[in-house]
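In what follows, a single structure is set out as structure tokens and then discussed.
In UniProt numbering, the protein residues as written are 1 to 692.
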């Protein structure tokens, strides 16, 4: 009787797939990669045309021996690793490591772990796609080259086991650039004016926003506002236009890896890492009461919004039966032109739309249920009709000025009966039906309000993923590991949802920008991703990419090495005396940034936090202002007399006082700005400001 061996990546899949296949099939797991570069050496033979040196990963010898034993007994071996570059590369490494006849080896892939998909894949085996393997191999080698050549330089410069990475360094730079934008942002004053009007004696007043004349008018300060208020004194208010219309809101596309990570972060407050972990569990299979172990969503690493014809028709039939024919969409929405996608496999969707979240709620953990519900609702919504709104816009004339008010109400909820996002739920004004052109209104009150423009928001994991995708940096499988790496290395700290650069992150980013500008250049990194896509498509040889990349990197590393050799990096001695032995303590770098240590180590192991004095007196108590860090490594300025004095500022305070209101000023780029936002005083920073 024929014996078949199926090798998958994850042990969690073994149980699920074994259930679908007969007794003739043995299912084993490789637990990811079985071969990789050696940890202790470069692993790339530069002199021999960049030939890679692969060895069995430590601890995988026993597993590989077990797989070889099972492979010898099998008539056919099916390599069923994940359907992406990484999975193809794992299958290729397995084919090399098993040392079996290549004719026995067959590659199969399935986008979902269901009985139909798995059995169908066995009917359509193929050979290994070496273009996919080469694309993954090239990426791995580029990352290895950057990590193994640049990281030792960081150890010399910063004196810690830090690391650089091809994609992580660019992600860090993006966050640092945003931090610089925020720090140098100067708020600008502007005013808004709302009017409350009484309509035909109705109790609830109509609230409208000041627009201007025929063109929108900006009100920049109180003087301009006073002029507008003066011009409005004694004016009659009359409705000059009532316009009714209709607006449609199209259904969203089904989830890709990136959009799933973004939406799960916004609505469920999941980190990218948590989202991927839960999605992996839903894909690999969960034990459903009455059905056994089954994969409930399709493959989770994808940048395509494409859906198979079977899934599409099943979804439309389900919607027609459960919601009515008017809710079924009759056209296909696609991504915008010009967006780069690999389109390797489908969007993320439920494997069976009739398996509703409520049906399997008892079989899932709370977080699994919440993520599955999000995926199910988004997919169902993507096959549904657009929502329709009735819109009304009203213009109110007062002399030469106009106030406007707009409202909309849902005429047909369409996809929104299943899936709504934050902006769908915002309710607008509810307008009285009696509003007509020429109607006179009586003014109840005018409400002028001062505002200040806000700096760009700090990145969150969701917005960073969105930016990386838009810039073409990384791919669906790399977003979560990249963010996890820069947080775990303490280059970036996460507080609430926001990402902040730490002191350590600043140091590493500055070195990378100075010594390796191309590595941290967004366009360069995006171009490299494009070249890897070309390798996958078979239009570029992988060795061509590596041959062109390495010499420039080597030249930059050699130049940086010479520069560093010129600098004798000594421990900076401070005037702080060690409490234990009386030596002058020195500044060292640790995983959290700088700290004070006794130079008498190991005899004396005394350490202290390091607070750098900035030469400015505390505006509250007259003590010294020092540079401090939060527990997660974010920089701020506080008083040395804390906790007695609670002064703190995210921006660096200046010695100079505001000439307008007397408050302390802060540095923002090349400007000094009053710390009192309502004051708004700004002046150019000069070199002698530091000495005042």
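Here a beta-carbon is modelled for each residue, glycine too, at the ideal position from N, C-alpha and C.
Query: Alpha-carbon to alpha-carbon, residue 328 and residue 541; Result: 46 Å
Query: Whole runs of the beta strand (DSSP E) within the region 71-143, excluding any shorter than 3 residues; Result: 76-79, 105-107
Query: Beta bridge counterpart(s) of residue 397 as assigned by DSSP; Result: 238, 402
Query: Under the three-state DSSP convention, the category residue 630 falls into; Result: coil
Query: Pairwise C-alpha distance: residue 191 and residue 508; Result: 42 Å
Query: Member of 254, 604, 82, 602 whose CA lies at the smallest distance from the CA of residue 6; Result: 82
Query: Cross-strand partners of residue 9 (DSSP beta bridge); Result: Answer by DSSP bridge pairing: none, since residue 9 is not bridged.
Query: Close beta carbons around residue 78, own chain, < 6 Å, minus the five adjacent residues each side; Result: 6, 106, 108
Query: Buried versus exposed, by CB contacts within 10 Å (16 or more), residue 449; Result: exposed
Query: Classification of residue 536 by the beta-carbon crowding that lies within 10 angstroms, buried from 16 upward; Result: buried
Query: Buried or exposed by the 16-neighbour rule on C-beta atoms within 10 Å, applied to residue 673; Result: buried
Query: Rounded separation between residue 359 and residue 391 - CA only; Result: 38 Å
Query: Given residue 446 as reference, the closest of 237, 637, 521, 598 once Cα atoms are compared; Result: 237
Query: Nearest residue (CA-CA) to residue 510, options 163, 173, 12; Result: 173
Query: Three-way DSSP call (helix, strand, coil) for residue 196 in this model; Result: strand
Query: The region 266-278 contacting the region 480-489, beta-carbon criterion three pairs below 8 Å; Result: yes
Query: Integer-rounded CB distance, given that residue 520 should sit under 8 Å from residue 169; Result: 5 Å
Query: Whole-angstrom distance between residue 281 and residue 555, CA atom to CA atom; Result: 45 Å
Query: Residue 132 Cβ short of 6 Å to the ligand COA heavy atom set; Result: With respect to the ligand COA, the structure offers nothing, as it holds no ligand at all.
Query: Residue 382, enclosing alpha helix (DSSP H) - first and last residue; Result: 366-382
Query: Sub-7 Å separation of residue 469 and residue 258 beta-carbons; Result: yes
Query: Residue 287, enclosing beta strand (DSSP E) - first and last residue; Result: 286-288
Query: For residue 658, the first and last residue of its enclosing alpha helix (DSSP H); Result: Neither: residue 658 is in no alpha helix (DSSP H) and is coded neither H nor E.
Query: Residue 724 classed as buried or exposed, judged by whether at least 16 other C-beta atoms fall within 10 angstroms; Result: Because the chain in this structure spans residues 1 to 692, residue 724 falls outside the shown range and cannot be described.
Query: Other residues of its chain near residue 133: CB distance less than 6 Å, five sequence neighbours each side excluded; Result: 88, 89, 92
Query: Residue 99 versus 64, 167, 471, residue with shortest Cα-Cα distance; Result: 64
Query: Residue nearest to residue 49 in terms of C-alpha spacing, selected from 546, 103, 489, 490; Result: 546
Query: Residue 324 burial status per 10 Å Cβ neighbour count (16 or more: buried); Result: exposed
Query: Selected residue, minimal CA-CA separation from residue 577, among 309, 598, 557, 301; Result: 598
Query: Through-space distance from residue 532 to residue 171, alpha-carbon basis; Result: 19 Å
Query: Secondary structure of residue 481, DSSP reduced to three states; Result: helix
Query: Bridge-paired residues (DSSP) for residue 674; Result: 665
Query: Residue 586 and residue 573 closer than 7 Å at C-beta; Result: yes
Query: Through-space distance from residue 366 to residue 652, alpha-carbon basis; Result: 44 Å
Query: Meets three-Cβ-pair contact criterion under 8 Å: the region 235-252 and the region 399-416; Result: yes
Query: Helix, strand or coil at residue 320 [DSSP, three-state]; Result: helix
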